[in-house]
Amino acid sequence: MDSSKIMDVNRNFPTTPTSDELKPPIFTPRECSSSSADSHSNIYALNLTHIPEVHTPITDFSFNEQSRREREIAHQSSVITRDSFRTTYSSLQTMLSQMQLKVAAAFLQETEYLQQREQRLEHEERTLTDRQRQLETIRHERERMEEDFLQIKDRIDAAVVHVTKFKTDGSEILENLFTESRQIDEQLSYLIAESMASLARSRTIIHSKTNEFHHKSDEIRSEIQDRMALINQTESAISVMLELVHSLNQLNSEHSQDLSIVKTDFDRKYQEFYDLSETTKHHWDTKKELEQIYLLEDEKNQAQKDLLEQTLLLENLKTILGKAVIP
């Protein structure tokens, strides 16, 4: 998935001219020496003839044509470099803005999801607290029933002692005692049956509550795993954006190298032309070209600063997401 995203982003990049396309044609020292030698030979020829007010319009025309071509080549190379750099920078700025919006939307969605999950957990915690209170109430009822059972047992023991003590009092007393004993047995059986039924109900409730608690625990565990997967996907997206920013920095460094090469060639051309202009007394203004080159350098530096700020912002966002995952 990351490789496909990177391929799509690279496919959307505008194609920039190569360094060979941006370089102006460089004249070899042999050509320069031959041209300078021809001009010097022409000057010597003029000096040897000693003919006053004689001019060479053909030589001046060729020199002016060569100078004009050099100026056009230098101007075209600077214009191509500036346009390609502006196009690339605007495309990269648009992509970075879109990526920032996507990351912010994902971060807000995750925050809302966590808030909703926290509210659900609080509700479940309150429900479990209420159920625990119900279990405590059932336990207290069971203890009270056990106390009643002990009291009944004590009464039975007392009745047995009473029957043993008054065994000789006659059949009426025995019949009365048997009647009372039968009633006590019935009550005891009823109480025992009720206590067993209550114990069975308590056991059933406890088992059902335990099963519900295990089911809720499994749901919470699965939701936590989904959350971790979403956070990992967010981190992978941020890593892809960081790789893109590094590639943009590398592209800017390549453009800076091309600009330095163009400036070096332009300075050399200017020096050569200045020497020729001193010889032929023709001057031309290079201030505008130098200002354009300096303007391109300023734009390059500003673009590098903006890309550095974007890189720092993405790294800070990745650090914040990492801290959110650790708890």
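In case it helps, full-length UniProt numbering puts the sequence shown at residues 1 to 327.
From the three backbone atoms N, C-alpha and C, an ideal C-beta is built for every residue, glycine too.
{"Item": "CB of Ile205 within 9 Å of CB of Leu128, strictly", "Value": "no"}
{"Item": "Touch test, the stretch 150-157 against the stretch 183-203, Cβ-Cβ under 8 Å, three pairs minimum", "Value": "yes"}
{"Item": "For Ser222 and residue 329, believed in contact at Cβ under 8 Å, the rounded distance", "Value": "A question about residue 329 goes unanswered here, because the residues of the chain that appear run from 1 up to 327."}
{"Item": "Nearest residue (CA-CA) to Leu199, options Arg71, Glu146, Gln187, Asn316", "Value": "Glu146"}
{"Item": "Environment of Val103 [buried if 16+ CB atoms lie within 10 Å]", "Value": "buried"}
{"Item": "Expected contact under 8 Å - CB spacing of Ile184 and Ala159 to nearest Å", "Value": "7 Å"}
{"Item": "Of the residues Ser84, His246, Ser181, the one placed nearest Glu315, counting alpha carbons only", "Value": "His246"}
{"Item": "Burial state of Ala105 (16 or more Cβ within 10 Å)", "Value": "exposed"}
{"Item": "Top-ranked residue by Cα proximity to Ser84, from Thr311, Thr210, Glu299", "Value": "Glu299"}
{"Item": "Distance between beta carbons of Lys216 and Arg131, contact taken as under 8 Å", "Value": "That pair is no contact at about 11 Å."}
{"Item": "Met99, buried or exposed, once every other Cβ within 10 Å from all chains shown has been counted against 16", "Value": "buried"}
{"Item": "Option nearest Thr319 by Cα separation, candidates Asn232, Asp226, His214", "Value": "Asn232"}
{"Item": "Assigned exposure category for Phe178 - 16 Cβ within 10 Å defines buried", "Value": "exposed"}
{"Item": "9 Å Cβ cutoff met for Leu92 and Leu307", "Value": "yes"}
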